[in-house]
Structure formats: C-alpha cells, structure tokens
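Following: one structure in structure tokens, then a few remarks.
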Amino acid sequence: MTDMTADSYVTEDGRTIGGVVMEMKNITLRFGGVVAIKDISFDIREGEIRAIIGPNGAGKSSMLNVISGFYVPQEGEVWFHGAKRPKMKPFQVARQGIARTFQNIALFEGMSVLDNVMTGRLTHMKTGLAAQSIWWGKAEKEEIENREKVEKIIDFLEIQAIRKTPVGRLPYGLKKRVELARALAAEPKLLLLDEPMAGMNVEEKEDMSRFILDVNDEYGTTICLIEHDMGVVMDLSDRVVVMDYGKKIGDGTPDEVRNNQAVIDAYLGVAHD
Amino acid sequence: MPEQFMWAMEVMVNGLMTGVLYALVALGFVLIFKASGVFNYAQGVMALFAAMTLVGIQKGQVPFSHLINTIFGTEIHGFGWELAPWLAILLTAGVMVLFAWLVQKFILQHLVNQPDIILFMATIGLAYFLEGFADLMWGADIKTLDIGLPQGVNDWVESTTYNLFGYGFFIDNLDIVATVVAALLVTALILFAQYTKQGRAMRAVADDHQAAQSVGISLRFIWVMVWSVAGFVALVAGIMWGAKSGVQFSLSLIALKALPVLMLGGFTSIPGAIVGGLIIGVGEKLFEFLVGPYIGGATENWFAYVLALIFLVFRPQGLFGEKIIERV
Amino acid sequence: MIYREAGDFKTSYREDSQTFPIKLDRRAFWAMMIFAFGVVPFLINDYWVNAVMLPFLIYAIAALGLNILTGYAGQVSLGTGGFMAVGAYASYKLMTAFPDLPILIDVLLAGGITALVGMAFGLPSLRIKGFYLAVATLAAQFFLVWLFNKVPWFFNYSASGMINAPERSMFGAAITGPEASAPARYLFILVIAFALAWVARNLTRGSVGRKWMAIRDMDIAAEIIGVNPLTAKLSAFAVSSFFIGVAGALLFTVYLGSVEVGEAFGIQKSFLILFMIIIGGLGSIFGSFAGAAFLVLMPVLLKNLLVDGLGWPTDLAAHLQFMIVGGLIIAFLVFEPHGLAQLWRLTKEKLRLWPFPH
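Residue numbers (the working numbering), protein chains in the order written: chain A, 572 to 844; chain B, 1306 to 1633; chain C, 5 to 362.
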C-alpha cells in the first residue's frame, strides 16, 4: 500500500505525487450572519487529483472562491508552496499559476472560442500598450507564439472546428470544454474545476474525464475539482474532502471516504448491495 | 439674528423646495426602474411633453398646426375653446396612458431579454424622439402654464418669520403646493407598492421577469401600468416646474438633474428619491451661495453631479439602494 | 461567384489574423484608400469639406475613441463632449504658448493631455459600474464645460470667452486659419484618421483588446483569470480619451476655427457620438466610421430635401430630425443591436454565397 504521508510517493498506476503544494488552514468564511465555511483545513499535493464533494450548499464553490482569492476568509490562512499567502487580489492569484473553471460557465460571450482561449494566455503576454499600437515586431511575434500554444490546447480538447464561433452560440457541453481550454491555456500549476461534468450525459462525462486525466498525466497539473457524480469522483481522484453545511466531515482516499459513517449519513445514503 | 445667517437659512429652505421638485422627477425614474429594470432617460422629456399637452389641450391648440400649415398652406392655430383645468388634466393623463401603451408595444416588448444598458440607450432614443414629436405637435415656443395654482410669495410665512426672527422669508406659494403634492404622491406610491396586489406584482416583475411570468403576472400589463403611473408623475412634475418657470425645453434638462438625485438615494428606493432630492436641492443652493461667488458662479451646473460622484465612490448603491452582491 | 473565399487557404497564423482575409475586400479597401488620398483632394470644394468630409472624419475619430471605451471595454461614458473640449482647449493653450510647435504636435500633445484627464475621470470606474458610471461621466461633462467657460486662463482672458485658432501651416500649405484650403485641411485630417484607425485596429486585435472585452463581458471572471481591472479600465479611458481629445483639437483648429464651449462641446455632442457608435455598431472599427458617416450625412440630406426641396421652415426640419434619429436608435436597438457593421457583415455573407441562396 502506498504511503500517502511521505513527502512524495508513487501511485499504483505509476504517477508521482509530490509534496504539499497548497494548504488551507482553519478557514472560516462568513457572509453577514451566514457561515459558509467553518474552520476547514485540508491540503493539496502536487500532481494529485483532489476532489471536494458534499451536498448542495455545503460551501464547496465558496472554498474554490477562497482559493482563487475572490472571497477573503475572515479567519484562517492559505499556504501556497510552503509560504503563507498574503491578502491578494484575484488577478494576482491567477498570476501565481492558479486557473479555474466555473460552475455556471463564465466565458466571454462577446468573443469567439479562439479569443476566449487566448484570454487564458493573458498572464503570460507581456508586451505593452505602445508596442501593441504599432503591432509589427514585438506584439505580432508574441501574438503568434501564444496562438501556437493555444492551438495545441484546441487540438488536445478537439474543438478545432468551432474556433471562430462566437461562444454565445455554443451548446452547454462545448462551452464547458472551451472553459477548460481557457483554464489550460494559462499553463497553471493548480487547476480548479467547479463541477466540470454538470449537465452532461454519460458520453460527454467520459470525454471530460479522459481530458482531465490526460491533463494531469501529460502536463503534471495538480487538479482540485468539485463534482457530484460519485462514480467520477471515486474513479478519478487520489484523495477526497467531504463538506457538509460548511464543515469538513471526511478527508482521505475515495475508499476511506466511502466507508466513513458520517459521510454516509450526510451524503452518500445507505449502501445497497 | 445676523442677516447673513438668515439669508443662508432662506437659501436652504428654497433649496429644500427645489429638492422636492427634483424628487418628483426622480420618483418617476424609480417607479419604472423598480418595475422593469429600465432606467428611463426619457422621464424628463415625458414631463415636458405632459406639460405641453396640458397647455395645448387647455388652450384649445390644434396639434401639429405648424406642420399642417406648412404642407397645406393653411393658417389654423386653435380650436377656439378653453377647457377647465381639471378636465385638461384628466385628458392629459389619458394621453400619458396611451403613450405608456405605445412604448410598451413598440419598444419594451421587443427588448425583453436585453441587457440593461441596451434598454437605457433605447430610452435615450425615446427621449430624442419624444422631444422632436412634442415640438412638432405643440410648437417649441415657451408657454405659460396656468391651472389656477396659487403663485407669488406667501404672505403668512413672510410675516410670521419676520415677527419671529426679524427677517421675512420669501417662500413661494407654488413651492408650498409642490411640497404638499409631492408628499401626498409619495405616500400614495409607497402604499400602492407595499399593500396592493398590483404593487406586489410590480415588485415581482422588478426582481425577475421570468419568475414573475411563471406565476401568472402579465409583464405587458404591469409595464403599461407602471409607465402610466410614471407618466402621471411626469405630468405632476411638469405642472409644478412649468408653473414655476414656464413650459420650455429646459424642463427636459431637469431629468438630467434627477440622475444625481437617484445616485444618492439609490435607484430602487422611493424614500431615497425624496431624501436624495432634498440633499441635492439644498446642497447645490448652499454651495452656490457660499462658494459660488469665489469661483465664478453657475456652479449649479455641475455641483450635483460631482457630489453624487464622490458619494458613489464610497457607497456605490446609494443611501437606500440594494447592496450589489456579486457572485461567480 | 465574384466575392468568395473558396480556394483561398491561409497557411500561417499571421495570414489567418489579418484585417481583410478575403482578397476582394483587401483590394476594395486599398482602392478606396487610393481614391481618398489621391483623387478626392482634387475634386473637393469648400461646401463638401465643411458640410460632410471634415465633420465625418473628425467625428469618426471621436467615435473610434468612444467605441473603444464603451463598445470594447464596456464602460459607458456620457462625457465625450467634455473630453473633446479638453482636447480643443489644450491645443489652444499649446498653440498660443508655444507658437513654434508644428500643428501636428499640438494636436497629438492635446490628445495626450486629454488621455491624462480621461484617466483621472476614469478612476471612479473601479468602484462604479453600468448606469452609475454613465451618470458619473456626466459629472465630467458638466464640470469640464463649466471650467472652460468660467476660468479665464483657458481662453487667455479674452473678453468674448471664445477661443480662436491661430494660423498654422504644414509643408507650406495653410492648415488652420482663413487661408487654409479645402484639400489641405482634408488631407491633414485624413492622414490622422487613417493612422488612428490603424492603431485602433492593432490595439483591439491583441491582448489589450481581449482584456477590454473580457472586462466588458464578465469583469469578475476576467479578474479571476488574471486581468488587472485597474490597468485594463484605465488604459481604456486613456486610449479612448486620446482619440477623443485629438478629435476635439481637430474640430477646433482645422474645422471650426473658433468655438464657444457650451455650444460646441455640450451634452448634445456626447449623445451625438454615442448615437454614432450605436447605429454604427458597438465594438467595431468599421462601425465607428459607418455611424459617423450616417449621422453627418443624414441632417445634410434631410435639410436638402425638406428645406431646399420642399420649402419647409428649418425648425420643422430640426424637429423631424430629432424624431428620425431617436426612432432610428430605437429601431437599431430592437432589430440590429450590432448596428450597421452587422448589417454590412450579413450582406457580405450573403454575397459570399451569391448566386447560391445558402
């Protein structure tokens, strides 16, 4: 059995999981009188696929928003790569290498698929206003370099045919894929996925699962995902955090969590054999 | 009592009165915004149109006479009658209801799911259209509005304050009437919005069009109703302002002044429109009185906006508006 | 048949992202440019310059600026008139204080000054959005007009309060002042308009443009994926104000020669430019030109038709004009919110397939 408390270990299927890359310490988040997250701590290791599960309203999306820097917790600390993260604006968090997708699709509806995915590269594109007004030279070169990178991701996610389509016209499943492409374009160290399978049929879920596994395998990206489909969670993830009413009620491997009585009572229901 | 201080007090009281008039125009905005999420830039022009229609109906003017005369070479100007004020007001209110219905049919219905900014720009288009239309219909010359409202300085106030403070306040009767009317109107509107079935339906529509439809509320009916009420409010505002300074183009600019009122009070609050109006009214008169002489005067052109801007930076939703919570 | 892209395959990303991907478009564009630069100056006379060409180009520049701010970056502004005034008065002060500066430098510096002023007034946009921002820009509009009216330093203490553009020439030809010829004025403005349109195209196709559009479409998501809202919004205000300032400077120095601030740069100007980008098409460079052309030509045509043709009094024509403009705004918003630019795009799409129906 692999020792998951070691600094780094190798999983059964040969992937290397590294040390702790992000740690949430005693996070409490309140909105006025409502406590969305109550004293939650957990960590995410480099290269792993970490799932956050729980009933609706448990505070899972809020937790991702805390990681993104969009919500500032009233108590607790976020540690990234062994150092406490100072209070940052969301765009600064993005520049640290954290990218995400959103529960209710947050694509830029006025732009094409290609432009949307190119916005994922914004943290890497550095030419200034002056160079861009002239275009020829530095700006054009950077644009083409980044276009090449983006096209690789478009290939990877098989959305070549729709690259010039305005995003507003796409069906839900394709929009989700474009959002994933945008997040991948940022070449993130940590990828946050908020219900990437929501609203998909079995075939689409299989595709999406394959993409997620490929991303983790090929690029070594650490992934933290929120998901409701238990089958997906159990199959894909290395470790799982279970939340309910803002509290953590389980934390461990999928098997450990599946057999945890508190989790069963709150969420999984009674097992039928 | 030092004369300078009394003078300042008088300016303040006049400011309050002006504030009431601003609030009247702002009220119309709030109503429409509450019920349809539309920021009706045309509210000021609606007040102008209502006032012009009132005068036209009352004096028996022939609508579009200038146009008809130009095309047909005729010389018609008036029907020759003069109507009683209450009848003229009633007929004008009817015209405003017709207007509301037309706006609903030709504009609102077609822009149901568009973002708010598109609707706002549509009302700017409406304002321009209505202005040209009103001028075409009744002529662009200045008209006097006389429906029998008491005018002139109120003697009772003057003599009482003189006896009390040794300084007589000049408060116009018209302003007093306006304050009373505004108070009645606001109370009626608040009661309407809170306690009647239609008022509740209106608030439902303001929150969520689709949800309101799904519980059986007819969006069209509510919109026609709301724009009619706003039209009536515009009529009252038009009467008050028109009696005060004549019915002319500058009346529509009052609408622009109502905007900082709304920014202060919050776009969705009826009491906010009043409080905002009073603050702006007093604020700009006092500023002009105290600071104006040192910087060239005419600060009333911009003071209200700068005040609202500064206020907004610290409290983006205004005094009473709903706090904007953003979620992802 | 004629207008087609069949067989025209792009083999590099560079080719794929060019401005006119279809060959016929490219040729038509350059033909039009040759006509505009090479032929028109010889045909032009003073009436057409004054009534149509100069206002069209100047307002097109202003419309480009406002389109960048409102159409691309989503920040609604009703202060365009006020910023044009900044450009005009800045150029006036520069021309009178530094008589040796070439007129082009005056105009560009005036744009730069307006960019700074624009950024200052754009700071509230970090806290305020949507209509609230639109109303806040009114503060800029009314304050600036009042400022140039009341503070005598701006109009060099002249008794009338108006400013007059001193004479300037370039390459020996008078550009401003009573001696300036129609072709000279036209070419001067045309070159500037062409250069600025090119800059606008470059900015909107690159990462700056995408940042602006991201802020416009969903500013929260934009921030979460790494766009700094402060720099994005301020850069939109800065670039937009530069364009608008240049337009204001040109309006004053080359076109009108003398202005009274309330009349030339009042709130009605702000609405005029806004209408141009609505009718022309928000978020479109072509649309800025189309809208400007439309709203410059229409009153001229109306006047020719109604007043000269049918003998109507001018005030009736003015009233009708208000109704038509207002009605058109509503019609465009209802039927084609992306304006003339979209109508043109649809026409071209039909043409691509012609003579086949689909």
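Glycine included, C-beta positions come from ideal geometry on N, C-alpha and C.
This one's a predicted model, so the numbers in the text were calculated from it and none came from an experiment.
Looking at chain C, is there any beta carbon in it that lies within less than 8 Å of the beta carbon of residue i?
i: residue 705(A); result: yes
i: residue 1618(B); result: yes
i: residue 1440(B); result: yes
i: residue 593(A); result: no
i: residue 810(A); result: no
i: residue 1390(B); result: no
i: residue 690(A); result: yes
i: residue 1433(B); result: yes
i: residue 778(A); result: no
i: residue 1422(B); result: yes
i: residue 1470(B); result: no
i: residue 769(A); result: no
i: residue 843(A); result: Here residue 843(A) scores only 46 on pLDDT, less than 50, and its place in the model should not be relied on; the value that follows carries that caveat. It does not: the Cβ of residue 843(A) has no partner Cβ on chain C nearer than 8 Å.
i: residue 607(A); result: no
If residue i sits next to residue j, beta carbons under 8 Å apart, how far is it from one beta carbon to the other, in whole angstroms?
i: residue 87(C); j: residue 252(C); result: 7 Å
i: residue 794(A); j: residue 620(A); result: 5 Å
i: residue 645(A); j: residue 599(A); result: 6 Å
i: residue 63(C); j: residue 300(C); result: 6 Å
i: residue 115(C); j: residue 91(C); result: 6 Å
i: residue 346(C); j: residue 340(C); result: 6 Å
Return no unless some Cβ of chain A is closer than 8 Å to the Cβ of residue i.
i: residue 49(C); result: no
i: residue 266(C); result: no
i: residue 210(C); result: yes
If the cut is a Cβ gap below 9 Å, which residues of chain A does residue i touch?
i: residue 220(C); result: 679 and 681
i: residue 160(C); result: Going along chain A, no residue has its Cβ under 9 Å from residue 160(C), so there is no contact; the nearest lies around 33 Å.
i: residue 263(C); result: The contacting residues do not exist; residue 263(C) stays about 29 Å from chain A at best.
i: residue 287(C); result: 681
Closer than 7 Å by beta-carbon distance: list the chain C residues that pair up with residue i, in chain order.
i: residue 792(A); result: Simply none; closest approach about 16 Å.
i: residue 1371(B); result: 320
i: residue 686(A); result: 214
i: residue 694(A); result: 230
i: residue 665(A); result: 228, 229 and 230
i: residue 700(A); result: 212 and 239
List, in chain order, every chain C residue whose beta-carbon is nearer than 8 Å to that of residue i.
i: residue 836(A); result: None at all; the shortest Cβ gap to chain C is about 35 Å.
i: residue 764(A); result: Those within 8 Å of residue 764(A) in chain C number zero; the least Cβ separation is about 14 Å.
If you measure from the beta carbon of residue i to each beta carbon in chain B, is any gap under 8 Å?
i: residue 124(C); result: no
i: residue 80(C); result: yes
i: residue 146(C); result: yes
i: residue 294(C); result: no
Since residue i meets chain C, which of its residues come closer than 9 Å, beta carbon to beta carbon?
i: residue 757(A); result: 229 and 230
i: residue 673(A); result: 225 and 228
Applying a beta-carbon distance threshold of less than 8 Å, which residues of chain A neighbour residue i?
i: residue 206(C); result: 703, 704, 705, 706 and 710
i: residue 37(C); result: Simply none; closest approach about 18 Å.
Which chain A residues sit within Cβ distance under 7 Å of residue i?
i: residue 203(C); result: 704
i: residue 245(C); result: The contacting residues do not exist; residue 245(C) stays about 13 Å from chain A at best.
For a contact defined as C-beta to C-beta under 9 Å, what are the partners of residue i on chain B?
i: residue 140(C); result: 1568, 1610, 1613, 1614, 1617 and 1618
Count the CB pairs spanning the segment 625-645 of chain A and the segment 676-691 of chain A that are closer than 8 Å, and state whether there are at least three. no
In chain order, what residues of the segment 315-333 of chain C put their CB closer than 9 Å to some CB of chain B? 315, 316, 317, 319, 320, 322, 323, 324, 325, 326, 327, 328, 329, 330, 331, 332 and 333
Contact residues within the segment 634-661 of chain A, judged by C-beta distance below 9 Å to chain C: Within the segment 634-661 of chain A, the residues whose Cβ lies closer than 9 Å to some Cβ of chain C are 636, 639, 640, 641, 660 and 661, listed in chain order.
Stretch pair the segment 602-620 of chain A + the segment 810-822 of chain A: three plus CB contacts closer than 8 Å: The segment 602-620 of chain A vs the segment 810-822 of chain A: in contact.
Does the segment 235-250 of chain C touch the segment 713-720 of chain A, meaning 3 or more C-beta pairs lie closer than 8 Å? no
Select from the segment 707-725 of chain A all residues with a C-beta closer than 9 Å to any C-beta belonging to chain C, and list them in chain order. 707, 710, 711, 713, 714, 715, 717, 718, 719 and 722
Taking a Cβ distance cut-off of 9 Å, strictly less, list which residues of the segment 1551-1574 of chain B are near chain C, in chain order. 1558, 1561, 1564, 1565, 1567, 1568 and 1572
With 9 Å as the C-beta to C-beta threshold (strictly closer), list the residues of the segment 1492-1515 of chain B near chain C in chain order. Listed by position along the chain: nothing, the set is empty.
At least three beta-carbon pairs within less than 8 Å, the segment 699-714 of chain A to the segment 260-268 of chain C: no
Interface positions of the segment 611-631 of chain A facing chain C (Cβ-Cβ less than 8 Å), listed along the chain: Listed by position, the residues of the segment 611-631 of chain A near chain C (Cβ gap below 8 Å) amount to none.
On the three-pair Cβ rule with 8 Å, is the segment 1440-1454 of chain B touching the segment 1358-1367 of chain B? yes
Please list the residues of the segment 724-751 of chain A that have a C-beta atom closer than 8 Å to any C-beta atom in chain C, keeping them in chain order. Listed by position, the residues of the segment 724-751 of chain A near chain C (Cβ gap below 8 Å) amount to none.
Which of the residues in the segment 103-133 of chain C, read from start to end, lie with their CB under 7 Å from any CB of chain B? 128, 131 and 132
Validate contact between the segment 1606-1620 of chain B and the segment 1558-1571 of chain B using beta carbons, cut 8 Å, 3 pairs: yes
Which residues, in chain order, does the segment 50-65 of chain C contribute to contact with chain A at a C-beta distance below 8 Å? none
Could you list the residues in the segment 1598-1615 of chain B with a C-beta less than 8 Å from some C-beta on chain C, going in chain order? 1600, 1601, 1602, 1603, 1604, 1606, 1607, 1610, 1611, 1613 and 1614
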